[in-house]
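**Student:** Numbering follows numbering that gives the first Met the number 0, in which position 62 of the sequence shown is assigned residue number 61; successive positions increment by one, without gaps.
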Amino acid sequence: MKRKLFIKLFISFTLVSKLVAIITTFQKSQTTLDPLNFFIGKWHVSEPASSIEMSIQIKENRQVYLNNQLMNGQLVFIENDKLIFKDHFGYELIVTKTSPTTLNLFDEADEKNYQLVRETELLY
Numbered sequence: 000m001k002r003k004l005f006i007k008l009f010i011s012f013t014l015v016s017k018l019v020a021i022i023t024t025f026q027k028s029q030t031t032l033d034p035l036n037f038f039i040g041k042w043h044v045s046e047p048a049s050s051i052e053m054s055i056q057i058k059e060n061r062q063v064y065l066n067n068q069l070m071n072g073q074l075v076f077i078e079n080d081k082l083i084f085k086d087h088f089g090y091e092l093i094v095t096k097t098s099p100t101t102l103n104l105f106d107e108a109d110e111k112n113y114q115l116v117r118e119t120e121l122l123y
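#1: What are the start and end residues of the beta strand (DSSP E) that includes Ile-51?
#2: Spatial neighbours of Leu-115 within its chain, please: C-beta separation below 7 Å, excluding the five flanking residues on both sides.
#3: Is there contact between the stretch 33-42 and the stretch 70-85, where contact requires at least three CB pairs shorter than 8 Å?
#4: What residue range does the beta strand (DSSP E) around Gln-114 cover?
#5: Is it buried or exposed for Tyr-123, if we count other Cβ within 10 angstroms and need 16 for buried?
#6: Can you say whether Phe-88 is buried or exposed, counting buried as having 16 or more other CB atoms within 10 angstroms of its CB?
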């Protein structure tokens with residue numbers, strides 16, 4: 000009788016410790032994700048009334064392309080919901096996450112905001 004109880008307690012303890020280890024590993028992997036990952040991809044202006052056809056592409060190597068042209072500058076700030084790119088003139092492009100599929104782009108040089116949508120969300 001004591002042996003069966005010991006075996007049940009041992010199995011229960013083993014299962015609980017494995018479960019705690021799995022949860023801890025999952026939480027660590029969630030917190031170590033690169034905040035740039037959300038922004039990687041190609042984004043287009045989503046304002047149908049606008050005559051502006053503009054796209055911005057952010058690559059894994061932190062290069063930024065505007066209308067398929069590599070921009071001279073660098074990413075100076077990256078957070079989960081915001082990134083800032085400073086061009087070689089010192090102007091900033093401030094990209095802010097507004098939803099899982101949209102961004103707001105503030106162009107400091109033009110002092111304008113643009114609503115962007117991820118390329119995969121566009122309806123053709």
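Heads up, the beta-carbon is just placed ideally off N, CA and C, and yes, glycines get one too.
Here the structure is a predicted model, which is why all the values come from computation and not from measurement.
**Tutor:** Looking at the atomic coordinates:
#1: Counting from 1 along the sequence shown, the entry for residue 51 is found at position 52. Segment: none, Ile-51 is in no beta strand (DSSP E) and carries neither H nor E.
#2: Counting from one through the sequence shown, the residue named residue 115 turns up at place 116. Within the same chain, Leu-115 has close Cβ partners Trp-42, His-43, Val-44, Ser-45, Ile-55, Thr-101, Leu-102 and Leu-104.
#3: yes
#4: Taking the sequence shown and counting its residues from 1, one reaches residue 114 at position 115. Residues 111-117.
#5: As a first step, residue 123 is located in the sequence shown; it is residue number 124 there, counting from the start. Note that Tyr-123 has pLDDT 48, beneath the 50 cutoff, so the model's placement of it is unreliable and the number below is only indicative. Exposed: under 16 other Cβ atoms inside 10 Å.
#6: Start at 1 with the first residue of the sequence shown, and residue 88 comes out as number 89. Phe-88 should be labelled exposed.
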